[in-house]
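Peer 1: Take this structure, written in structure tokens, and hold onto it; I'll ask about it next.
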Amino acid sequence: MRRIPASYTSDIRPAPPRLAEAQPSGFRPATWSDNYTHTYLAIMPRVAVIQWSIKNLAVEQNHSTACEYIRSAAAQGAELAVLPEYHLFGWAPEDPFFAEQASQTTKYLEAYQALAKELSICIVPGTLVEKHPHPDSSLSSEDQDGDRDAYVLYNTAYFISNTGAILGRYRKKNIWHPEREYLTSSGMEKHEVFDTPIGKVGLLICWDVAFPEAFRELIAAGAEIVIVPTYWGRYDANPDALNHNPNSEALFLDSVLTARCFENTCGIIFANVSGEEQFLGMSRVVLPVVGPIAKMGNEEGVLVTDMNMDLVRIAEENYKVRMDIKREGWYYSYRHSEKR
Numbered sequence: 001m002r003r004i005p006a007s008y009t010s011d012i013r014p015a016p017p018r019l020a021e022a023q024p025s026g027f028r029p030a031t032w033s034d035n036y037t038h039t040y041l042a043i044m045p046r047v048a049v050i051q052w053s054i055k056n057l058a059v060e061q062n063h064s065t066a067c068e069y070i071r072s073a074a075a076q077g078a079e080l081a082v083l084p085e086y087h088l089f090g091w092a093p094e095d096p097f098f099a100e101q102a103s104q105t106t107k108y109l110e111a112y113q114a115l116a117k118e119l120s121i122c123i124v125p126g127t128l129v130e131k132h133p134h135p136d137s138s139l140s141s142e143d144q145d146g147d148r149d150a151y152v153l154y155n156t157a158y159f160i161s162n163t164g165a166i167l168g169r170y171r172k173k174n175i176w177h178p179e180r181e182y183l184t185s186s187g188m189e190k191h192e193v194f195d196t197p198i199g200k201v202g203l204l205i206c207w208d209v210a211f212p213e214a215f216r217e218l219i220a221a222g223a224e225i226v227i228v229p230t231y232w233g234r235y236d237a238n239p240d241a242l243n244h245n246p247n248s249e250a251l252f253l254d255s256v257l258t259a260r261c262f263e264n265t266c267g268i269i270f271a272n273v274s275g276e277e278q279f280l281g282m283s284r285v286v287l288p289v290v291g292p293i294a295k296m297g298n299e300e301g302v303l304v305t306d307m308n309m310d311l312v313r314i315a316e317e318n319y320k321v322r323m324d325i326k327r328e329g330w331y332y333s334y335r336h337s338e339k340r
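The UniProt record's numbering puts the sequence shown at residues 1 to 340.
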């Protein structure tokens, strides 16, 4: 069942039956303030965020659950389904099976591509932990499995179109502190934006949301929607923080996700893990001007809502953030300025 806060129903209309079939009527040219010119904007993409209790290393079970939820989202008319971070493996990096499975993720990515094509739905399959030879290692692939210095693990998100094509990929840059022993950052690779059936999209992962610079780089490249798979826990805060506020992490997410929408005039789709006491859930879809248009608690399931992307245009015309950051002589030298 679609769950949309009653206070926002006046902003929402039914999406076209399928975006691929109704693209001419679902799109319109839009010119935004001053020097910021947009190409084509899907006015009302219908999107689904999916959250559930992911089982550590139960790869086939997790994959089967994900596919069931994606089918449910498609049956409700969703044009995009977003899964949480680590949705296949969970987080158990000390177990040798974790790295072993990371060398076999291609078959799952291909399965999601086939499912996207079958259902005519775009999919962001959370993240896939991928194993690659260490750039400085001289060991053969056969000798790498037992030597942690011989390979690297990247935490990678993909955007799969409703034709099954991969339109974009992002490797997590800002790695959460306890993960750094196991995962490798994408480092100085640029944040990229890509055209999709629902508009211009950028991908971030979990702890990336703590860094406004990541959003700024995406917005400077034209992103309208930022999609964030995450694996955010209640106890990611340390004991001192929890002593002051047991709901510290929930407050963090409530505050930051709405702030990023306003300060960047963009929409955010945030998909988290849920179902157990240590996980927060809180998956949501957020837009500037109005804030969260649909959100979950800690329950498992699929949340489907229509994103009124005209709010992105309204916010930009009001705040002119994109216009300012593209202006020559802007005050801040971020990486997107190409000044390395």
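Note that beta-carbon positions come from the ideal geometry of N, C-alpha and C, so glycine has one too.
Model, not experiment: these values are computed from the prediction.
So, using beta-carbon positions, are Leu218 and Val193 closer together than 8 Å?
Peer 2: Against a cut-off of 8 Å, the Cβ pair of Val193 and Leu218 comes out as a contact.
Peer 1: Closest to Thr156 by C-alpha separation, out of Arg180, Thr105, Ala73, would be which residue?
Peer 2: Thr105
Peer 1: Between the alpha carbons of Pro197 and Asn243, how many angstroms are there, rounded?
Peer 2: Cα-Cα distance, rounded: 45 Å.
Peer 1: Name, in chain order, the residues that DSSP records as bridge partners for Asn155.
Peer 2: Val129
Peer 1: Quick check: Ala73 and Ala48, are their CB atoms within less than 8 Å of each other?
Peer 2: Cβ distance < 8 Å, so Ala73 and Ala48 count as in contact.
Peer 1: Between Asn298, Ile205, Asp149, Arg180, which lies nearest to Arg169 when the distance is taken from Cα to Cα?
Peer 2: The shortest C-alpha separation from Arg169 is found at Ile205.
Peer 1: Given Asp34, which residues of its chain have a CB within under 8 Å of its CB, disregarding the five upstream and five downstream residues?
Peer 2: Confidence in Asp34 is poor, its pLDDT being 37 and thus under 50, which makes the residue's placement unreliable; the coordinate value appears in the next sentence. Hits under 8 Å: Lys320, Met323.
Peer 1: One question on the structure: do Glu130 and Leu153 come within less than 8 Å of each other, judged by their Cβ atoms?
Peer 2: yes
Peer 1: Where do the ends of the alpha helix (DSSP H) carrying Asp310 lie?
Peer 2: 310 to 319
Peer 1: Return the CA-CA distance between Val124 and Pro229, expressed in angstroms with no decimal places.
Peer 2: 8 Å
Peer 1: Quick check: the segment 47 to 66 against the segment 78 to 95, are at least 3 beta-carbon pairs closer than 8 Å?
Peer 2: yes
Peer 1: Which residues bound the beta strand (DSSP E) around Lys200?
Peer 2: Note, Lys200: beta strand (DSSP E), 199 to 203.
Peer 1: State the start and end residues of the unbroken beta strand (DSSP E) segment that holds Lys285.
Peer 2: Sequence inspection shows Val at residue 285; the Lys mentioned does not correspond to that position. That run of the beta strand (DSSP E) goes 284 to 287.
Peer 1: Output the distance between the C-alpha atoms of Gly329 and Ala75, rounded to the nearest integer angstrom.
Peer 2: 49 Å
Peer 1: Does DSSP put Pro84 in a helix, a strand or coil?
Peer 2: coil
Peer 1: Which first and last residues belong to the beta strand (DSSP E) in which Phe97 is found?
Peer 2: That residue, Phe97, is in no beta strand (DSSP E); its alpha helix (DSSP H) goes 96 to 102.
Peer 1: Could you have a look at Arg327 and say whether DSSP puts it in helix, strand or coil?
Peer 2: coil
Peer 1: Output needed for Ser186: all residues of its chain with C-beta closer than 8 Å, excluding positions within five of it in sequence on either side, in chain order.
Peer 2: Tyr154, Tyr170, Arg171, Lys172, Lys173
Peer 1: Beta carbon of Gly281, beta carbon of Ser274: below 8 Å?
Peer 2: Result yes, Cβ atoms of Gly281 and Ser274 sit closer than 8 Å.
Peer 1: DSSP beta-bridge partners for Asp195?
Peer 2: Lys200
Peer 1: Please determine, among Ala220, Tyr69, Ile175, the residue with the shortest C-alpha to C-alpha distance to His191.
Peer 2: Ala220
Peer 1: Could you give the DSSP three-state label for Trp32: helix, strand or coil?
Peer 2: With a pLDDT of only 38 at Trp32, under 50, the local geometry of the prediction cannot be trusted, and the value read off the model is given with reservation. It is coil, neither helix nor strand.
Peer 1: Measure the beta-carbon distance from Val201 to Phe215 and round it to whole angstroms, keeping in mind my assumption that it falls under 8 Å.
Peer 2: About 13 Å; that fails the 8 Å criterion.
Peer 1: State the DSSP-derived secondary structure class of Lys190, mapped to helix, strand or coil.
Peer 2: coil
Peer 1: Return the CA-CA distance between Pro239 and Gly164, expressed in angstroms with no decimal places.
Peer 2: 44 Å
Peer 1: Mind checking which residues open and close the alpha helix (DSSP H) that includes Cys261?
Peer 2: 248 to 264
Peer 1: Just verifying my parser: in three-state terms, what is the DSSP assignment at Leu57?
Peer 2: coil
Peer 1: Would you mind sorting Arg327 into buried or exposed? The rule is 16 or more other CB atoms within 10 Å of its CB.
Peer 2: Exposed, because fewer than 16 other Cβ atoms sit within 10 Å of the Cβ of Arg327.
Peer 1: For Trp176, I'd like the list of residues in its chain whose CB is within less than 7 Å of its CB, leaving aside the five on either flank, ordered along the chain.
Peer 2: Cys206, Trp207
Peer 1: Suppose you measure from the CA of Tyr331 to the CA of Asp306; what does that come to, to the nearest Å?
Peer 2: Their Cα atoms are separated by approximately 36 Å.
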